[in-house]
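**Student:**
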Amino acid sequence: MSLNMNKIISIIGSTGSIGTQSIEVARKHNIIIYALAAHSNYELLAKQCIENNVKIACIYKEEFADNLNELLAGKGIKVLTGMEGLCEIASDGKSGMLLNSVVGMVGLLPTLKAISAGKDIALANKETLVAGGELVMKLAKEKNVKIYPVDSEHSAIFQCLQGNKRSQLKKILLTASGGPFFGKTESELENVSIEQALNHPNWRMGNKITIDSATLMNKGLEFIEAKWLFDLEPEQIEIIVHRQSVVHSAVEYADNSVIAQLGCPDMKIPIQYALLYPERMECDCKPLSLTDYGTLTFEKPDHKTFRCLAACISAIKKGGAYPCMVNGANEEAVKYFLDGKIGFTEIGRLVESVLEEFEYHEVGSYEDVIKWDNRARDNVKEQILKTTDKIL
Ligand code: NDP
Ligand code: MG
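Start counting the sequence shown at -15; every next residue gets the next number (our numbering).
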């Protein structure tokens, strides 16, 4: 009998880069998929549901519910919509784990619902921990729920913690590829195109995270994500630019020994580790040949050019609603950039500006997170309107 015969998971964000790879990993290891959810890609969602004999499908955008129902007619699959649908999937007791691979802080409420229902989480959706890290970690502790990181760096750190004492951890080394614009100055980046920003050297990912990788916002979000996942002080996190994306991150212990996790850049490894923990089974990815690489390089990040990175570190040091606000501002700014409405370097300025525009506010509830997220988004819209006025 297969090791995972009785493992049942649900995936929200199943049609994306992480979602589709997660389905492949689950199928390879005979994990049962109970429910799937997507935003608007009802065609792929329907195909995934039929192929995997899924029981519940959720399409966030209600306007596609009829299309989805049509494609699933006669299959005995329940169709849900909106945030309610996501939350129903998250809290349905028939699956034991929620793999959250939606993009954006919209994944926060389903995560909280799944934890409340006592389900373990495989978390790719980093914005969830950036916006509501304190709430998520507190609830997970209360409910004795495990959060398995899917993000490759955090999976690496999690792997480096196995068999060692957490109390003897000195710091973590969070590696960053540096994105397509490493080594450039801010003025050289003023006119980069959407296509250039979407051209990541090592990873094929969804558009939002690819832009985040180009601005280094992604590393800033991961800095905050690591703080919450591993209960670290910001001073215990060192970011190192490592262009080859082979060393996925490392942990330094009290004896100055550094333990790292290495592998080819392939998300199937961290996805599989989160789904099969603590097992290590065959994975459909290339084995690592260090001699093919020959040289691995390590450099310091440029906080001046990549303002998003500095803004995230500053936000988590200040605490309160600041991490939630830098995330909200970034989500909004990236949308405007991808729509061709603002330039690339504008993203960093807009993210940074919430640190100056807003005073310190506590975040004690989900409603607080939504409130400060909205305020940050409004602030971005107002600023863009002002500059557009100037141009006109
Ligand atoms: P994609 O853009 O490829 O996919 C996003 C997925 O989320 C799609 O299935 C999309 O549906 C779905 N989605 C978006 N909004 C909603 C919503 N409101 N309700 C339901 N589903 C929704 O993103 P990625 O897979 O690249 O990234 C997903 C998350 O994982 C992000 O947080 C990212 O930062 C993180 N991550 C990604 C990595 C990667 O290699 N891609 C690596 C590490 C972390 P639809 O297709 O219908 O739009
Ligand atoms: Mg990552």
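Yeah, the Cβ is synthetic: ideal placement off N, Cα and C, and Gly gets one too. Bear in mind the structure is a predicted one, so any value in this text is a computation, not a measurement.
#1: Can you grab the Cα-Cα spacing for the pair Arg359 / Ile(-7), in whole Å?
#2: Measure the C-alpha to C-alpha separation of Thr(-1) and Glu236 and round it to an integer number of angstroms.
#3: Are the beta-carbon atoms belonging to Gly80 and Lys(-9) less than 8 Å from one another?
#4: If you check the beta carbons only, do Val318 and Ile331 fall under 8 Å apart?
#5: May I ask which residues mark the beginning and end of the alpha helix (DSSP H) holding Lys211?
#6: Answer yes or no: do Val9 and Leu20 have a C-beta to C-beta separation smaller than 8 Å?
#7: Hey, Ile(-5) and Gly3: beta-carbon distance below 8 Å or not?
#8: Would you check whether the ligand NDP has a heavy atom nearer than 7 Å to the C-beta of Lys110?
#9: Does the beta carbon of Ser(-6) fall short of 7 Å from some heavy atom of the ligand HEM?
#10: Can you list the alpha helix (DSSP H) stretches of 4 or more residues lying completely in the region 78 to 119, in chain order?
#11: Less than 7 Å separating the Cβ of Tyr410 from some heavy atom of the ligand NDP?
#12: Measuring only the C-alpha atoms, how far is Cys267 from Val364?
#13: Please state the DSSP three-state secondary structure of Thr159.
#14: Indicate, with yes or no, if the ligand NDP has a heavy atom lying under 7 Å from the CB of Asn136.
#15: Starting from Gln180, trace the alpha helix (DSSP H) both ways and give me its first and last residue.
#16: For Gly117, collect the residues of the same chain with a Cβ closer than 6 Å to its Cβ; drop the 5 residues on either side in sequence, then sort them by chain order.
#17: What residues in its chain sit with their C-beta under 6 Å from that of Ala101, if we drop five residues either side in the sequence?
**Tutor:** Let me lay it out:
#1: On the sequence shown, position 375 is the one that residue 359 refers to. On the sequence shown, position 9 is the one that residue -7 refers to. Answer to the nearest angstrom: the Cα atoms are 35 Å apart.
#2: Locating residue -1 in the sequence shown gives position 15, where the first residue counts as 1. Locating residue 236 in the sequence shown gives position 252, where the first residue counts as 1. Between Thr(-1) and Glu236, the C-alpha separation is close to 37 Å.
#3: Position 96 of the sequence shown, counted from the start, is the residue given in the question as residue 80. Position 7 of the sequence shown, counted from the start, is the residue given in the question as residue -9. It is a contact, given that the beta carbons lie within the stated cut-off.
#4: Counted from its first residue, the sequence shown places residue 318 at position 334. Counted from its first residue, the sequence shown places residue 331 at position 347. Yes.
#5: Counting from one through the sequence shown, the residue named residue 211 turns up at place 227. 201 to 214 is the span of the alpha helix (DSSP H), which, as asked, contains Lys211.
#6: Here residue 9 refers to the residue found at position 25 when the sequence shown is read from its first residue. Here residue 20 refers to the residue found at position 36 when the sequence shown is read from its first residue. No, the Cβ-Cβ distance between Val9 and Leu20 is not below 8 Å.
#7: Translated into positions along the sequence shown, residue -5 becomes position 11. Translated into positions along the sequence shown, residue 3 becomes position 19. Yes, they are a contact pair.
#8: Counting from 1 along the sequence shown, the entry for residue 110 is found at position 126. The answer is yes for Lys110.
#9: This structure lacks the ligand HEM; its bound ligands are the ligand NDP and the ligand MG.
#10: 92 to 100
#11: Residue 410 is absent from the structure shown; the chain starts at -15 and stops at 376.
#12: To locate residue 267, count along the sequence shown from 1; it is residue 283. To locate residue 364, count along the sequence shown from 1; it is residue 380. Those two C-alpha atoms are separated by around 42 Å.
#13: In the sequence shown, the residue the question calls residue 159 occupies position 175. Thr159: strand per DSSP, three-state reduction.
#14: Locating residue 136 in the sequence shown gives position 152, counting from the first residue. A small fix is needed here, since residue 136 is Ser in this sequence, not Asn. Ser136: yes, Cβ under 7 Å from the ligand NDP.
#15: To locate residue 180, count along the sequence shown from 1; it is residue 196. Run containing Gln180: 178 to 181, per the alpha helix (DSSP H) assignment.
#16: Residue 117 sits at position 133 when you count from the first residue of the sequence shown. Answer for Gly117: Trp212, listed in chain order.
#17: Within the sequence shown, numbered from 1, the residue matching residue 101 stands at position 117. The residues are Ser75.
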